[in-house]
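Asks:
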Amino acid sequence: GPTVGVFALQGDVREHLHALGELGVATLGVRRPEELAACDALVLPGGESTTMSKLAVTFGLLDPLRARIKEGMPVFGTCAGMILLADHVRDGIEGQQTLGGLDVTVRRNAFGRQVDSFEDDVEFAGLDETVHAVFIRAPWVEEVGEGVDVLARVGHGPAEGRIVAVRQGPLLATSFHPEVGRDTRIHRLFVDQVRAG
Ligand code: GLN
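full-length UniProt numbering applies: residue 3 is where the sequence shown begins, and numbers increase by one.
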């Protein structure tokens with residue numbers, strides 16, 4: 003079966019490895035280009051997108067990652083991972099680089115400093131029951147290109163209607179952290195897609 007890598011230079015790597023392990027898929031922490039080459043798909047975890055992109059440069063992973071994304075490797079990005087997948091970032095640090103591939107514009111730390119973190123139950127396309135979503139200094143998606151499907155929006159409060167999950171072909175991204183907690187349904191959507199080839 004396929005091997006799903008987790009970008010492991012920074013972020014909540016262990017939580018993703020655990021969620022993927024629950025689904026019975028082979029996993030690999032990715033710190034070096036050789037490890038990326040051994041993967042059929044990749045998870046970009048939550049963490050700090052600016053640190054992650056700098057470390058990707060340092061470890062020689064930036065260009066290989068971009069190349070694999072261009073070739074159509076399935077990638078699932080959560081929070082900082084969503085930012086890394088986005089073609090455009092607002093409120094990034096000066097010169098912030100992303101991997102790109104996902105035709106969206108995200109706003110970093112979008113929910114505001116007063117509400118660094120919050121939780122909400124969100125409806126998620128393809129799932130029968132809502133997902134309990136944990137947002138931690140999360141981005142939201144402000145613009146989506148034509149080929150991008152919106153999978154979830156915030157359902158309540160001041161951020162109501164904001165886009166927090168998208169898919170574009172093999173690329174899946176959430177503003178929140180499905181790796182936190184016991185619910186593996188969103189990882190399963192990703193793994194099913196990887197297994198379907
Ligand atoms: N604010 C972080 C960033 O810009 C993302 C936070 C997270 O992944 N929980 O990368």
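All C-beta atoms in this analysis are idealised placements derived from N, C-alpha and C, irrespective of residue type, glycine included.
Closest to V196 by CA distance: which of S177, L38, L173 and V182 is it?
Replies: The count along the sequence shown starts at 1 and reaches residue 196 at position 194. That would be L173, whose Cα lies nearest to the Cα of V196.
Asks: In angstroms with no decimal places, state the Cα-to-Cα distance between I71 and E36.
Replies: Taking the first residue of the sequence shown as 1, we reach residue 71 at position 69. Taking the first residue of the sequence shown as 1, we reach residue 36 at position 34. In a straight line, the C-alpha of I71 is about 16 angstroms away from that of E36.
Asks: Give, in chain order, every unbroken run of the alpha helix (DSSP H) that is at least 4 residues long and sits entirely within the segment 34-58.
Replies: With a minimum length of 4 residues, the continuous alpha helix (DSSP H) runs that stay inside the segment 34-58 are 35-39.
Asks: Does DSSP classify E73 as helix, strand or coil?
Replies: The sequence position of residue 73 within the sequence shown is 71, counting from 1. Of the three classes helix, strand and coil, the one that applies to E73 here is helix, per DSSP.
Asks: With a 10 Å radius around its C-beta and 16 neighbouring C-beta atoms as the bar for buried, classify D14 as buried or exposed.
Replies: For the purposes of this step, residue 14 is taken as residue 12 along the sequence shown, with counting starting at 1. Answer is buried; the Cβ neighbour count reaches 16.
Asks: Which partner residues does I138 have in the DSSP bridge list?
Replies: Position 136 of the sequence shown holds residue 138. Beta-bridge pairing links I138 to S119.
Asks: Below 8 angstroms, is the gap between the Cβ of R109 and the nearest heavy atom of the ligand MN?
Replies: Among the ligands present in this structure, namely the ligand GLN, the ligand MN is not found.
Asks: If you measure from the CB of residue 209, is any heavy atom of the ligand GLN nearer than 8 angstroms?
Replies: The requested residue 209 is not part of the displayed model; the chain covers only 3 to 199.
Asks: Using the three-state DSSP reduction, which class does F9 fall into: helix, strand or coil?
Replies: Within the sequence shown, the letter at position 7 stands for residue 9. If DSSP states are grouped into helix, strand and coil, F9 belongs with the strands.
Asks: Tell me R169's beta-bridge partners as DSSP assigns them.
Replies: On the sequence shown, position 167 is the one that residue 169 refers to. Beta-bridge pairing links R169 to D151 and L174.
Asks: Under 9 angstroms, do F178 and P76 count as touching if we go by C-beta distance?
Replies: Within the sequence shown, residue 178 is the residue found at index 176, counting from 1. Within the sequence shown, residue 76 is the residue found at index 74, counting from 1. No, Cβ-Cβ distance for F178 and P76 is not below 9 angstroms.
Asks: What residue from A175, T107, D122 and E17 has the CA that sits closest to residue 263's CA?
Replies: Since the first and last residues shown for the chain are 3 and 199, residue 263 lies out of range.
Asks: Tell me which same chain residues have a C-beta within less than 6 angstroms of the C-beta of R169, skipping the five on either side of it?
Replies: In the sequence shown, the residue the question calls residue 169 occupies position 167. Taken in chain order, the residues that qualify are D151 and L153.
Asks: Applying the 10 Å Cβ sphere with the 16-neighbour rule, what's the burial state of G147?
Replies: Counting from one through the sequence shown, the residue named residue 147 turns up at place 145. Answer is exposed; the Cβ neighbour count stays below 16.
Asks: Just to confirm my understanding: we take T176, look at its own chain, exclude 5 residues before and 5 after, and list those with CB closer than 6 angstroms. What are they?
Replies: In the sequence shown, counting from the first residue as 1, residue 176 sits at position 174. The residues are T80 and A167.
Asks: Straight-line CA distance for A127 to E24?
Replies: Locating residue 127 in the sequence shown gives position 125, counting from the first residue. Locating residue 24 in the sequence shown gives position 22, counting from the first residue. Going from the Cα of A127 to the Cα of E24 covers about 22 angstroms.
Asks: From this set, A140, A28, M54 and L19, which residue's C-alpha is nearest G3's C-alpha?
Replies: To locate residue 3, count along the sequence shown from 1; it is residue 1. The shortest Cα separation from G3 among A140, A28, M54 and L19 belongs to A28.
Asks: Between G7 and D185, what straight-line distance do the alpha-carbon atoms span, to the nearest angstrom?
Replies: As a position in the sequence shown, residue 7 is number 5, starting the count at 1. As a position in the sequence shown, residue 185 is number 183, starting the count at 1. One C-alpha to the other measures close to 19 angstroms.
Asks: So, using beta-carbon positions, are A82 and P47 closer together than 9 angstroms?
Replies: Reading the sequence shown from its first residue, position 80 is the one you call residue 82. Reading the sequence shown from its first residue, position 45 is the one you call residue 47. The answer is yes: Cβ separation under 9 angstroms.
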